[in-house]
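J.:
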Amino acid sequence: MKHIISLLMENEAGALSRVAGLFSARAYNIESLTVAPTEDATLSRMTIVTSGSDEVIEQIIKQLNKLVDVVKVLDLNDGRYIERELMLVKVKATGALREEMKRISDIFRGRIIDVADGSYTIELTGSGSKLDAFLEALDKTVILETVRTGASGIGRGDRILKV
Amino acid sequence: MDDSNQQKVGQISGAEIIMRCLQEENVKFVFGYPGGAVLHIYDALFKQKHFKHILVRHEQAAVHAADAFSRATGEVGVALVTSGPGATNAVTGIATAYMDSIPMVVISGQVPTAAIGMDAFQEVDMVGVTRPCVKHNFLIKDVHDIAITLKKAFYIAASGRPGPVVVDIPKDITAEFAEFDYPKSVEMRSYTPVTKGHSGQIKKAVKILLEAKRPMIYTGGGLVLGDASNELVKLARTLDYPVTNTLMGLGGYPATDKQYVGMLGMHGTYEANNAMQDCDVLLAVGARFDDRVVGNPDHFLSVPRTIIHIDVDPSSISKRVKVDVPIVGHVQSVLGEMNELLAAETKKPDASALKSWWAKIDGWRAKNTSSYDGSSSSIIKPQYVIEKLCEVTKGDAFVTSDVGQHQMWAAQYYKFDKPRRWINSGGLGTMGVGLPYAMGCQLAYPDAQVACVTGEGSIQMNIQELSTCKQFHLPIKVILLNNRYLGMVRQWQEFFYENRYSESYMDSLPDFVKLAESYGHVGMNIEKPGDVEGALQDAFAMKDKFVFMNFMTDQKENVFPMVPNGKGLSEMILGSDPNANDAVDEMEG
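Protein chains in written order, with this note's numbering: chain A, 79 to 241; chain B, 956 to 1544.
1) In angstroms, rounded to a whole number, what distance separates the CA positions of residue 1356(B) and residue 1505(B)?
2) Evaluate contact between the stretch 173–181 of chain A and the stretch 1293–1307 of chain B, counting only Cβ atoms and requiring at least three cross-stretch pairs below 8 Å.
3) Residue 1082(B) touches chain A at which residues, Cβ-Cβ below 7 Å?
4) Between residue 1516(B) and residue 1524(B), which are expected to be in contact by the criterion C-beta below 8 Å, what is the C-beta distance as a whole number of angstroms?
5) Taking the beta strand (DSSP E) that residue 1407(B) belongs to, which residues open and close that run?
6) Can you find the residues in the same chain that come closer than 7 Å, C-beta to C-beta, to residue 155(A), ignoring five residues on each side of it along the sequence?
7) Count the CB pairs spanning the stretch 1283–1298 of chain B and the stretch 1178–1186 of chain B that are closer than 8 Å, and state whether there are at least three.
8) Taking only runs that begin and end inside the stretch 1359–1420 of chain B, name each unbroken alpha helix (DSSP H) of 4 or more residues, in chain order.
9) Per DSSP, which residues does residue 115(A) bridge with? Please list them.
10) Do you know whose CA, among 165(A), 98(A), 120(A), lies nearest residue 128(A)'s CA?
11) Note the first and the last residue of the continuous beta strand (DSSP E) segment covering residue 986(B).
12) Excluding the five sequence neighbours on either side, which residues of its own chain have a C-beta within less than 6 Å of the C-beta of residue 989(B), listed in chain order?
13) Please check if any C-beta of chain A sits within less than 7 Å of the C-beta of residue 1270(B).
14) Within 10 angstroms of the Cβ of residue 221(A), are there 16 or more other Cβ atoms? Answer buried if so, exposed if not.
15) Using a Cβ-Cβ distance cut-off of 7 Å, determine whether residue 130(A) contacts chain B.
16) Excluding the 5 residues flanking residue 121(A) on each side, which residues of the same chain have their C-beta closer than 8 Å to its C-beta?
17) What is the DSSP secondary structure of residue 1544(B), counted as helix, strand or coil?
18) Taking only beta-carbon positions, decide if residue 242(A) is within less than 7 Å of chain B.
19) Taking residue 1172(B) as part of the alpha helix (DSSP H), name the residues at either end of that continuous run.
20) Using the C-alpha atoms, what's the distance from residue 1194(B) back to residue 1022(B)?
21) Return the CA-CA distance between residue 223(A) and residue 236(A), expressed in angstroms with no decimal places.
22) Is the shortest distance between the beta-carbon of residue 956(B) and the beta-carbons of chain A less than 7 Å?
23) Residue range of the beta strand (DSSP E) that residue 1183(B) falls in?
24) Please name the residue in 198(A), 136(A), 157(A) whose C-alpha comes closest to that of residue 231(A).
25) Looking at C-beta atoms only, is the number of pairs between the stretch 1157–1167 of chain B and the stretch 1108–1123 of chain B that lie closer than 8 Å three or more?
26) If you reduce the DSSP assignment to three classes, tell me which class residue 105(A) lands in.
27) Quick one: what's got a C-beta closer than 6 Å to residue 1544(B)'s C-beta in the same chain, skipping five residues either side?
28) Out of curiosity, what's the CA-to-CA distance linking residue 1032(B) and residue 1392(B)?
29) Out of 1277(B), 1478(B), 1337(B), 1014(B), point me to the one whose CA is closest to residue 1417(B)'s CA.
30) Locate the alpha helix (DSSP H) running through residue 1526(B), then write down its first and last residues.
31) Contact between the stretch 1082–1089 of chain B and the stretch 1043–1052 of chain B is defined here as three or more beta-carbon pairs at a separation below 8 Å; is this criterion met?
32) Provide the residue span of the alpha helix (DSSP H) that contains residue 1214(B), from first to last.
33) For residue 972(B), which option in 1064(B), 1038(B), 1105(B), 1060(B) has the closest C-alpha, if you only look at C-alpha atoms?
34) Using CA coordinates, which residue listed in 1444(B), 1223(B), 1322(B), 1172(B) is at the minimum distance from residue 1208(B)?
35) Would you say residue 170(A) lies against chain B (beta-carbon separation less than 7 Å)?
36) Please state the DSSP three-state secondary structure of residue 1163(B).
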């Protein structure tokens, strides 16, 4: 089952490689991993999307906690949460496609952020599955380039991951 | 960093700060090898008198010796190596310590800060190379960070589940100046190891233990590292329950005690493995149910039993085998609390159930699976050498071993009554550790008997240390069980590869006696069973000599019992079975 794991870690050089190294060394799945500093510059917040049986997820959480630089780990799937991902898609926009792309973008509440002679760049945020759905709605041949940030996640309401 | 290269009043160099940190940590020995990137450090080392530097002949041996010093004493071992090849040579030693959770600080030199990433001479990304095999590592980038970083390194290495910590220090940092201020303690918000176990879980565990019909206590290296032998002995004797130790846990419970059923696992005793499989309540202490211990986990779990697991590392719990009552905490503290609860408890173990359980265990014991055919007057059996070694040293030596058949025989036939006496590479299985391990033990305990049980394959992997032993007058006794084969490889090839002995024969061996003598040591060849005991007595009587004993042993002896890879604990092949080899074939089928 897919899990979104959030963690706070010391914003030290090499901290990211410790997490990435752990996943490869122990052969855990990793779908996406995003990391950036928080409002407290000494801390980085990381969101990892992974999948595995309950036992594997339990081990992943334990192994992450064992890393000396990791301050806190939270499996967002243990409660209610929001997941968001940003995607930039460059699509063909010539002839009839120019109107068609604009319409599909609007349906998915995307924004066209760059307009060129033959292409649009569409910005889209949402859950991973919404972004997947958008890509599926497009004809493969019109997609020139796709960039996705990987998911960020946060607990709903009072669920707060903070030091 | 501003003007750190100008010395001001009250300031000392980074290299001197390192020396002061080691002094503050009461380090007695630093095992190391100099080189370009650590020249400032070695210059500072030259001027200090607080610890002794042991110059090895290869960095791998420095780390192994520091590791053994820690295993024998419980203190943090310290090694010092230069950048690049010095650092990579240390990696096997670091990985060995990591797998067995040995607290160690390894200081490695690094090229100057400005040269990092330039493919400089003797540059390697040590923090990157060691990341998967350390508890933690640091690259120091500022002379002012040396003291706090080393303080953290020692703290991390020794606390929680112990392990090696690498501190990589660029050369320029060791030449800059700063004031020395060693913190008394260190707090890290990201690292807060658990000590006390959950009292509710401990109460629950005691209740389950008292209700057991077929109880079993299984302890590992964590019991030894956690210095909890006394607490375990008290608990086991109060309950009169059987105890088994893992390879890493030998000596955690006295081997000569009647409640001890021997080592378990791939080469465990018949009684230990069967009791492990057949018990209804299992208390696991500082052990991790690894593949060499419980064999196939599905087979192990095919029998219902309640498992209580005490370990300081939460990630060791329910990793391979799901447990029912996890207790995360320091084993000494948790066992201590269990003993207090038992003392206050009016309920006693079920005496009649326990009686029939012991009767069943005694039935397994009666198979006497550690017997071997020692009738030959011309061929030395390796098991016999270990039995005699145990007798001659009165079971009180520090025994180090390398990896292979000799390691298993040493584990099976030497009766360890005390913890920290059996020093071997259990997790990583590193050939070549034996001699440097013996060095670490002998330096820690200069007057103790130290025996290195080895094979002719393993000993040659760090044979250069004969020179270190000469320099520091270490009266180690090498017990070489020389069967002219890489015995464990040969045994598996015999069983599982239809006797195709691919590259497992050790041809062109040196004359070990002459080799030892060339280093100023004493060498002995022992070729007949009748000479074994006398030779051992002669060797151990030479209290100030390093003695290299080359025992020419049976070439085709195998280690039994054996649980073939991937099989269950009760699916053992016994040596007494005349068709042992056929039995293996059949199981492999």
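Every residue gets a Cβ at the ideal spot worked out from N, C-alpha and C, and that includes glycine.
T.: Reading it off the structure:
1) Sequence index remark: in the second sequence, residue 1356(B) carries index 401 (1-based). Sequence index remark: in the second sequence, residue 1505(B) carries index 550 (1-based). Looking at the two C-alpha atoms, the distance is approximately 15 Å.
2) no
3) As a position in the second sequence, residue 1082(B) is number 127, starting the count at 1. Simply 92.
4) Indexing the second sequence from 1 puts residue 1516(B) at position 561. Indexing the second sequence from 1 puts residue 1524(B) at position 569. With 8 Å as the limit, residue 1516(B) and residue 1524(B) do not qualify as a contact, their Cβ atoms being about 10 Å apart.
5) On the second sequence, position 452 is the one that residue 1407(B) refers to. Residues 1405–1410.
6) Translated into positions along the first sequence, residue 155(A) becomes position 77. These residues qualify, in order along the chain: 81, 82.
7) yes
8) 1360–1368, 1389–1399
9) As a position in the first sequence, residue 115(A) is number 37, starting the count at 1. In DSSP, residue 115(A) forms a bridge with 122(A).
10) By one-based count along the first sequence, residue 128(A) stands at place 50. Cα-wise, what sits closest to residue 128(A) is 98(A).
11) Position 31 of the second sequence, counting from 1, holds the residue named residue 986(B). Counting along the chain, the beta strand (DSSP E) containing residue 986(B) begins and ends at 984–987.
12) In the second sequence, counting from the first residue as 1, residue 989(B) sits at position 34. So the list reads 997, once near-sequence residues are dropped.
13) Taking the first residue of the second sequence as position 1, residue 1270(B) is located at position 315. So, interface residue.
14) On the first sequence, residue 221(A) is found 143 positions in, with the first residue counted as 1. Exposed.
15) The residue given as residue 130(A) occupies position 52 in the first sequence. By this cut-off, residue 130(A) is not an interface position.
16) As a first step, residue 121(A) is located in the first sequence; it is residue number 43 there, counting from the start. Taken in chain order, the residues that qualify are 86, 87, 88, 89, 115, 149, 241.
17) Here residue 1544(B) refers to the residue found at position 589 of the second sequence. Here the model assigns residue 1544(B) a pLDDT of 40, short of 50, so the residue's position is not dependable, and the following value carries that caveat. Coil, per DSSP.
18) Chain A is shown only over 79 to 241; residue 242(A) falls outside these bounds and no answer can be derived.
19) Here the question's residue 1172(B) lines up with position 217 in the second sequence. Taken as a continuous stretch (DSSP letters only), residue 1172(B) belongs to no alpha helix (DSSP H), being part of the beta strand (DSSP E) at 1170–1174.
20) As a working mapping, residue 1022(B) is identified with position 67 in the second sequence. As a working mapping, residue 1194(B) is identified with position 239 in the second sequence. Cα to Cα, residue 1022(B) sits roughly 35 Å from residue 1194(B).
21) As a first step, residue 223(A) is located in the first sequence; it is residue number 145 there, counting from the start. As a first step, residue 236(A) is located in the first sequence; it is residue number 158 there, counting from the start. Whole-angstrom Cα-Cα distance: 38 Å.
22) Numbered from its first residue, the second sequence carries residue 956(B) at position 1. Confidence is the limiting factor: at residue 956(B) the pLDDT is only 48, short of 50, which leaves the residue's position unreliable, though a coordinate-based value still follows. False, the Cβ-Cβ gap to chain A never drops below 7 Å.
23) As a first step, residue 1183(B) is located in the second sequence; it is residue number 228 there, counting from the start. No beta strand (DSSP E) holds residue 1183(B); DSSP gives it neither H nor E.
24) The count along the first sequence starts at 1 and reaches residue 231(A) at position 153. Considering only alpha carbons, the answer is 157(A).
25) no
26) Within the first sequence, the letter at position 27 stands for residue 105(A). Residue state, collapsed to three classes: coil.
27) Looking up residue 1544(B) in the second sequence gives position 589. Confidence at residue 1544(B) is low in this model, with a pLDDT of 40, below 50, so the placement of that residue should be treated as unreliable; the coordinate-derived value is given next. Correct list: empty, nothing qualifies.
28) Translated into positions along the second sequence, residue 1032(B) becomes position 77. Translated into positions along the second sequence, residue 1392(B) becomes position 437. In a straight line, the C-alpha of residue 1032(B) is about 12 Å away from that of residue 1392(B).
29) Taking the first residue of the second sequence as 1, we reach residue 1417(B) at position 462. For the residues 1277(B), 1478(B), 1337(B), 1014(B), the minimum Cα distance to residue 1417(B) belongs to 1014(B).
30) For this step, residue 1526(B) is matched to residue 571 along the second sequence. Neither: residue 1526(B) is in no alpha helix (DSSP H) and is coded neither H nor E.
31) yes
32) Counting from one through the second sequence, the residue named residue 1214(B) turns up at place 259. Note, residue 1214(B): premise wrong, no alpha helix (DSSP H); not H, not E.
33) Residue numbering aside, residue 972(B) sits at position 17 when the second sequence is read from its first letter. It is 1105(B).
34) Residue 1208(B) sits at position 253 when you count from the first residue of the second sequence. Checked all of 1444(B), 1223(B), 1322(B), 1172(B); the closest Cα to residue 1208(B) is 1172(B).
35) In the first sequence, residue 170(A) corresponds to position 92, counting from 1. False, the Cβ-Cβ gap to chain B never drops below 7 Å.
36) In the second sequence, counting from the first residue as 1, residue 1163(B) sits at position 208. Helix, per DSSP.
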